[in-house]
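Visitor: Which chain is which? The protein sequence lines are A and B, in order. Here the first sequence is numbered in this note's numbering, starting from 59 and rising by one per residue. Here the second sequence is numbered in this note's numbering, starting from 33 and rising by one per residue. Each residue gets a CB set at the ideal place from its N, CA and C atoms; glycine is no exception. Source: prediction; values computed, not measured.
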Amino acid sequence: MSQNPQETPVPAKTLLANLAANAYSDAWEAKKRGEKVGWCASNFPQELTTTLGVKVVYPENQAAAIAAKGGGLGHCEHAEGLGYSNDICAYARINLAFMDRQSCEEMNMPMPDFVLCCNNICNCMIKWYESISRELNIPFILLDVPYNSEFETDDDTLEYMWAQFQYAVKQLEEITGKKWSEKRFKEVRDISLRTSRAWLKAAGYCQCEPSPLNGFDLFNHMAVAVCARGTVEAAEAFEKLAEEYAQAAKEGASTYKGEQKFRILFEGIACWPYLRATSAPLKENGVNVTATVYATAFGFLYDDNPLSMMRAYTHVPNAISVERAARMRIDVGRRNKIDGAVIHNNRSCKLWSGIMPEIDRRIQAELKIPTVTFDGDQADPRNFSEEQYKTRIQALVEVMTENKKGKKQ
Amino acid sequence: MPVLLTLGADLGSTASKCVIMQDGRKIAAQTTIPVGAGTSGPSRAIAESLAACGKNLADMHMVCATGYGRHSMTDAHMEVSELSCHARGAFFLFPKARTVIDIGGQDAKVLRLSGGRLNNFVMNDKCAAGTGRFLEVMAKVLEVETADLAEWGAQSTAPVSISSTCTVFAESEVISHLAVAADRRDIIAGIHKSVAHRVAGLVRRVGAEPLVIMTGGVARNAGVRLELEAAIATPISVSPLAQFNGALGAALLAHDRLLQQL
Ligand code: SF4
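1. Within the 9 Å Cβ cut-off, does Glu456(A) reach chain B?
2. Reducing DSSP to helix, strand and coil, say where Lys71(A) ends up.
3. Excluding sequence positions up to five away, which residues of its chain have a Cβ less than 7 Å from the Cβ of Met183(A)?
4. In three-state terms, what does DSSP make of Met368(A)?
5. List the whole-angstrom C-beta distance separating Ala232(B) from Leu258(B), where the pair is believed to meet the contact cut-off of C-beta under 8 Å.
6. Spell out whether any CB of chain A is found under 9 Å from the CB atom of Met115(B).
7. Could you name the residues of the same chain whose beta carbon sits closer than 6 Å to that of Val270(B), not counting the 5 residues immediately before and after it, in chain order?
8. In the DSSP assignment, find the beta strand (DSSP E) that holds Lys237(A) and state where it starts and stops.
9. Going by alpha carbons, who is nearest to Ser193(B) out of Ser116(B), Arg216(B), Glu177(B), Asp91(B)?
10. DSSP three-state call for Phe223(A): helix, strand or coil?
11. Excluding the 5 residues preceding and the 5 following Pro339(A) in the sequence, name in chain order all residues of the same chain whose CB lies nearer than 6 Å to its CB.
12. Sorry if obvious, but does the Cβ on Tyr149(A) come closer than 8 Å to a heavy atom of ligand 1?
13. Under a three-way DSSP split, which group does Cys285(A) fall into?
14. Between Val203(A) and the rest of its own chain, which residues show a CB-CB distance below 8 Å, the 5 nearest in sequence each way excluded?
15. For a contact defined as C-beta to C-beta under 8 Å, what are the partners of Asn403(A) on chain B?
16. List the residues that DSSP assigns as beta-bridge partners of Leu150(B).
17. By a C-beta neighbour count over all protein chains shown, 10 Å radius and 16 as the cutoff for buried, is Cys85(B) buried or exposed?
18. Among Asn404(A), Leu154(A), Met157(A), Thr108(A), which has the Cα closest to the Cα of Gly434(A)?
19. Scan the stretch 130-160 of chain B for residues whose Cβ lies nearer than 8 Å to a Cβ of chain A and list them as they occur along the chain.
20. Three or more C-beta pairs closer than 8 Å, one from the stretch 39-46 of chain B and one from the stretch 76-96 of chain B: is that the case here?
21. Quick one: which residues of the stretch 61-77 of chain B get their C-beta closer than 7 Å to a C-beta of chain A? List them in chain order.
22. Would Leu454(A) pass as a contact of Gly398(A) if the rule is Cβ separation under 9 Å?
23. Would you grab the beta carbon distance between Ser116(B) and Leu285(B) for me? Rounded to a whole angstrom, and I think it's under 8 Å.
24. Buried or exposed for Val112(B), going by 16 or more other Cβ atoms inside 10 Å?
25. At a threshold of 8 Å, does Ile135(B) count as lining ligand 1 (C-beta to nearest heavy atom)?
26. Over the uninterrupted alpha helix (DSSP H) stretch that includes Val390(A), give me the two end residues.
27. Contact criterion: CB-CB distance below 9 Å. Does Arg450(A) meet it with respect to chain B?
28. Under a CB-based cut-off of 9 Å, is Pro439(A) close to chain B?
29. With a 10 Å radius around its C-beta and 16 neighbouring C-beta atoms as the bar for buried, classify Tyr116(A) as buried or exposed.
30. How many whole angstroms separate the CB atoms of Val95(A) and Pro170(A), which I take to be in contact at a CB cut-off of 8 Å?
31. Which bits of chain B does Pro428(A) rub up against, with CB to CB less than 7 Å?
32. In whole angstroms, what is the alpha-carbon distance linking Met59(A) and Glu291(A)?
33. What's the gap between the Cα of Glu177(B) and the Cα of Glu203(B)?
What follows is the structure in structure tokens.
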């Protein structure tokens with residue numbers, strides 16, 4: 059990061075916002091230069107495209123942005139008109155609508171020359187990307203990650219994934235005409251690791267009391283962790299973010315405005331169409347989100363062995379056993395000292411929501427805290443009731459208040 | 033010390049209920065109007081309660097609003113969620129209560145009490161299955177008054193099975209039973225079973241620790257209550273004031289607040 063010492067330092071927040079925007083402008087420019095550009099699943103090992111210098115954009119990311127800007131309903135309805143069931147994930151519906159229309163008011167991205175799919179988040183992804191591949195008649199590259207019902211991932215799975223990764227290198231070389239370099243691969247892994255560590259460090263400041271950050275900030279910053287993890291700029295921006303949080307923690311300052319009376323786990327993907335409606339009742343009651351699984355989800359840690367990198371990609375939230383999923387929440391909840399949990403029963407993401415009743419039970423049993431579940435959807439605005447949400451939050455706050463009184467007595 | 037008067041208003045989705053209490057011990061008035069938040073119900077319920085004990089709103093030392101319409105009651109000094117109100121009301125009516133099942137107009141909830149305080153709760157998801165609204169829709173299709181459902185269901189000899197939880201699907205299931213001339217009493221008994229089973233699922237998540245009590249309008253329906261008792265294998269107590277429990281709890285919490293302020 060070349061910064062003139064005389065200039066006022068750019069806050070990490072701005073750096074990160076610029077990086078997220080650059081990821082898309084870089085793809086547009088590559089497209090203009092005649093390079094092949096892809097659409098990529100959020101948890102596909104980005105080390106592949108970054109090493110090759112191939113530009114990709116992320117449909118899940120774009121769908122979240124479209125939904126946050128109020129375009130969810132129009133896109134979902136368009137996809138349903140094309141024959142896609144409204145039971146399908148809203149990210150998929152939004153993206154399939156965009157694929158059909160090829161542009162939208164909320165956020166455009168270049169059309170793909172290939173798709174990169176990785177089902178370590180869900181199998182809906184496979185059919186969704188297959189549809190794109192068929193409709194647009196473009197290559198479909200899949201990295202298949204079998205669902206793991208065990209706590210650890212076995213070596214056979216890792217070998218299987220690594221073989222596919224190597225095959226995907228060949229496929230992408232052929233499609234894009236770019237050449238693989240082992241030296242560059244090593245560099246990219248080192249940078250990605252640095253970024254992941256910085257991201258985890260920054261998110262780790264949620265442990266402080268008061269937390270120097272509003273937990274919802276992580277939902278925004280995450281975009282860079284998804285789409286630019288392999289770049290030095292992302293590593294530097296997250297390192298800066300961590301420094302800022304460290305300083306704020308020292309001073310007792312926070313991006314959360316107001317007194318932090320309660321600390322909670324916000325479980326699940328954000329309700330993008332209702333960000334304000336879901337965050338305001340928390341804010342009004344002095345509730346800060348100090349725990350989310352996202353914090354750890356995009357911190358991919360591995361060593362020099364490629365199988366270790368593959369293992370990291372089997373530990374994303376939707377690819378893991380109930381035991382590991384529960385552990386993830388309970389550990390972050392305990393570390394970050396939560397008083398309660400708000401669980402998003404997300405109609406779009408069946409895999410994530412399907413295990414929630416059991417995770418909820420285990421969180422309550424181990425952490426002895428109240429939890430509340432609300433119905434919603436990450437991107438389809440038809441599946442959320444603001445009034446029901448408010449009542450649940452208010453009741454949760456009342457229980458947390460009583461619990462605190464009880465502890466003091 | 034002067035008599036402390038507190039008013040609790042439970043402005044629900046299908047009915048408005050109001051309770052006025054003296055010194056947090058005696059119920060001075062109670063009213064229910066069968067229309068809820070956003071209608072004339074809330075102001076009528078409050079006016080009738082005040083008239084019943086010859087008081088004005090200004091005579092109330094503390095007013096607490098609860099229910100879906102709680103935010104719109106500008107005269108209220110405090111707002112509390114219906115969950116805490118039901119917990120408080122239940123503790124007043126049954127000091128030994130540990131589990132409260134409340135089936136209201138558009139939601140069903142199960143509360144766990146500990147030392148009279150709300151300790152934990154679960155609520156139904158967004159759909160209307162297992163709520164008062166579900167029963168109302170079915171009563172309409174069957175051309176029976178909601179209040180008479182229990183009596184009809186009690187006469188059933190062979191309850192039909194209603195397998196859909198979705199209100200719209202269950203409605204068409206009922207219509208198809210009617211089309212093959214099934215006995216209305218058997219259909220109603222089947223509906224009670226369906227509501228009870230849905231709510232029993234929620235109860236199991238919190239645990240049916242005795243004493244289990246049932247509140248809310250649907251508590252008056254003995255058919256649902258008996259089916260629920262069978263489904264959770266635990267007796268359920270119901271107070272004649274079940275329907276007022278939320279408003280009662282609100283009036284009591286208002287009184288608690290007054291005492292804190294003294
Ligand atoms: S179903 Fe869940 S994991 Fe799959 S694409 Fe949608 S949000 Fe992502």
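Guide: Quick look at the numbers:
1. True, the Cβ-Cβ gap to chain B drops below 9 Å.
2. Residue state, collapsed to three classes: helix.
3. Answer for Met183(A): Ala99, Cys175, Asn177, listed in chain order.
4. Looking at Met368(A) - three-state DSSP - the assignment turns out to be helix.
5. About 12 Å separates the two Cβ atoms, so there is no contact after all.
6. Before going on, a small fix: residue 115(B) reads as Leu here, not Met. Yes, because at least one Cβ of chain A sits closer than 9 Å to the Cβ of Leu115(B).
7. By the criterion of a C-beta distance shorter than 6 Å, Val270(B) is surrounded in its chain by Met246, Ala251, once the five residues flanking it on both sides are discounted.
8. Per DSSP, Lys237(A) belongs to no beta strand (DSSP E) and is neither H nor E.
9. Relative to Ser193(B), the option among Ser116(B), Arg216(B), Glu177(B), Asp91(B) whose CA is nearest is Arg216(B).
10. When DSSP states are grouped into helix, strand and coil, Phe223(A) belongs to the helix group.
11. Excluding residues within five positions, the ones whose Cβ falls inside 6 Å are Lys448, Ile451.
12. Yes, ligand 1 has a heavy atom inside 8 Å of this Cβ.
13. The answer is helix: DSSP assigns Cys285(A) an H, G or I state.
14. Counting only Cβ-Cβ distances below 8 Å, and skipping sequence neighbours, we find Cys176, Asn177, Asn178, Thr215, Met219, Tyr371, Thr372, Ala377.
15. Think of a sphere of 8 Å around the beta carbon of Asn403(A): the chain B residues whose beta carbon falls inside it are Asp157, in chain order.
16. The partner list for Leu150(B) (beta bridge, DSSP) reads Leu145(B).
17. With fewer than 16 other CB atoms across the displayed protein chains lying within 10 angstroms of its CB, Cys85(B) is exposed.
18. Residue Asn404(A) is the option with its Cα nearest to Gly434(A).
19. Identification of residues in the stretch 130-160 of chain B having a C-beta nearer than 8 Å to some C-beta of chain A yields Asp139, Arg149, Leu150, Asn151, Asn152, Phe153, Val154, Met155, Asp157, Lys158, given in sequence order.
20. Touching, yes, given that three or more Cβ pairs across the two stretches are closer than 8 Å.
21. So the list is empty, because no residue satisfies the distance condition.
22. The Cβ-Cβ distance between Leu454(A) and Gly398(A) falls below 9 Å.
23. At roughly 7 Å, the Cβ-Cβ gap stays under 8 Å, so Ser116(B) and Leu285(B) are in contact.
24. Val112(B) is classed as buried because its beta carbon has at least 16 other beta carbons within 10 Å across all chains shown.
25. For Ile135(B), the shortest separation between its Cβ and any heavy atom of ligand 1 does not lie below 8 Å.
26. Counting along the chain, the alpha helix (DSSP H) containing Val390(A) begins and ends at 380-393.
27. Yes, contact with chain B.
28. Under the Cβ distance rule, Pro439(A) does not count among the residues neighbouring chain B, no pair being separated by less than 9 Å.
29. Tyr116(A) is buried by the Cβ-count criterion.
30. So it is a contact: roughly 6 Å between Cβ atoms.
31. Ordered by position in chain B, the residues that pass the 7 Å Cβ test against Pro428(A) are Asn152.
32. Bear in mind that a pLDDT of 47 at Met59(A), under 50, signals an unreliable position, so the model cannot answer this.
33. Glu177(B) and Glu203(B) have their C-alpha atoms spaced approximately 16 Å apart.
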